[in-house]
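Going left to right, the sequence shown walks through residues -13 to 240 as this note's numbering numbers them. A quick write-up on the structure given underneath.
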Amino acid sequence: ASRLGVPTALCAFVGNDFPANFEKYIADSGMIMDEFVRVDGYDTSQCTLVTDENKVLKALFYQGPQGCASKLGIRLVKNASRSEYTHFCTGEPAYYIDLMKDIPKRISLDPAQEIHRIWNPELLTRAMQDSDYLFGNNFEFESIMKYLKVDDIRDIDMPLVVCTWGEKGTKAVIDGEKFHIPLVKADKTVDAVGAGDSFRAGFYAGLYHGYDIHQSLVIASSMASFVVEQVGAMTADPGWDRVMERADPYLSEI
-13 ASRLGVPTAL CAFVGNDFPA NFEKYIADSG MIMDEFVRVD GYDTSQCTLV TDENKVLKAL
47 FYQGPQGCAS KLGIRLVKNA SRSEYTHFCT GEPAYYIDLM KDIPKRISLD PAQEIHRIWN
107 PELLTRAMQD SDYLFGNNFE FESIMKYLKV DDIRDIDMPL VVCTWGEKGT KAVIDGEKFH
167 IPLVKADKTV DAVGAGDSFR AGFYAGLYHG YDIHQSLVIA SSMASFVVEQ VGAMTADPGW
227 DRVMERADPY LSEI
């Protein structure tokens, strides 16, 4: 999102093994890094992604210090408390639920692949009580809907529910109304790793630049289309103008 002109803070715990050159790469993108905290005694969180022949991802995850954040005695809320949007992704659910109570503006809940293992119905319900937006892919929503005992994402009582669905596009419920967000066509599809993260970056960039939620979801799909064109989650850097150029034909249809 920072490369699309959005003031963005990365708030996270990492181990001392975190590569200095990668930290510099992130900082050079314009990211706010004053709550990027190195922790002794832990290796950095690691996720190994395996892509099968159908471009479906499977994840092997080591949480590192993010998985026991409540034991560290550091509350990463300085940037979140003054941000328009705070996006919670992988990490210890209880720690995030505690932080949410001190964040005054919009909160997005995005448990990602951890929804299947370290979340449960009680934790999810508690987190949703303080959240405004809910993100996940179609596989993650299988667990979400099972925990909530609902059959359709329209039955989830939140202002915004976003379920990405790979080549089928995205299902979204905005203030109770269901929408289909089309898949913005890429020039080629090589690797889906990073598409979900770039989708979210595009969404927040759209909001930051003055577009409404529906439009911003289309912009999100446009941003994701650049990432799948090459191997590597962080190799694509199209810039805001190119993202909008690709999104414009789809925006004209809504």
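We put the beta carbon where it would ideally sit given N, CA and C, even for glycine. Everything numeric in this text was worked out from a predicted model, so none of it was measured.
Identify the continuous beta strand (DSSP E) that holds S94 and give its terminal residues.
Looking at the DSSP string, the run of the beta strand (DSSP E) that includes S94 is R92 to L95.
Of the residues E128, F121, M131 and V136, which one's Cα is nearest the Cα of T150?
F121
Pull up the CB-CB distance for S67 and I93, whole angstroms please, since I reckon it's below 8 Å.
With 8 Å as the limit, S67 and I93 do not qualify as a contact, their Cβ atoms being about 11 Å apart.
For Y119: DSSP bridge partner residues
S94 and L146.
Taking Y48 as part of the beta strand (DSSP E), name the residues at either end of that continuous run.
L43 to Y48
Taking 8 Å as the threshold, find out whether the stretch 177 to 192 comes into contact with the stretch 210 to 230 through three or more Cβ pairs.
yes
Contact under 8 Å by Cβ, V25 with G1:
yes
To which residues of the same chain is P107 closer than 6 Å at the C-beta, ignoring the five residues directly before and after it?
Y133
Where does Q52 fall in DSSP's three states?
helix
Here's the rule: buried if 16 or more other CB atoms are within 10 angstroms of the residue's CB, otherwise exposed. What is L46?
exposed
Determine the closest residue to E239 out of P168, H195 and D173, with distance taken between C-alpha atoms.
P168
Going by CA-CA distance only, name the one from I205, A178, L203 and A222 that's closest to C39.
Per the sequence shown, residue 39 should be read as Glu rather than Cys. The shortest C-alpha separation from E39 is found at A178.
Given a cut-off of 8 Å, decide if E78 and Q115 are closer than it, judged by their beta-carbon atoms.
no
When the distance is taken between beta carbons, is S207 closer than 8 Å to G192?
no
I130 vs R112 beta-carbon contact at 8 Å
No, these two residues do not count as a Cβ contact at 8 Å.
Between G188 and V229, which are expected to be in contact by the criterion C-beta below 8 Å, what is the C-beta distance as a whole number of angstroms?
6 Å
Secondary structure of F74, DSSP reduced to three states
strand
Helix or strand or just coil, what does DSSP make of V59?
Sequence check: residue 59 is Gly here, not Val. Here G59 sits in coil by DSSP.
Check whether S31 and G59 have beta carbons under 8 Å apart
no
What are the boundary residues of the beta strand (DSSP E) that V36 is part of?
Q32 to T37
Going by beta carbon distance, what residues of the same chain come within less than 6 Å of V159, once the five residues before and after it are set aside?
I139, R140 and V147
Could you spell out where the beta strand (DSSP E) holding A158 opens and where it closes?
Run containing A158: T156 to I160, per the beta strand (DSSP E) assignment.
Where G192 falls: helix, strand or coil (DSSP):
G192 falls in the helix class under three-state DSSP.
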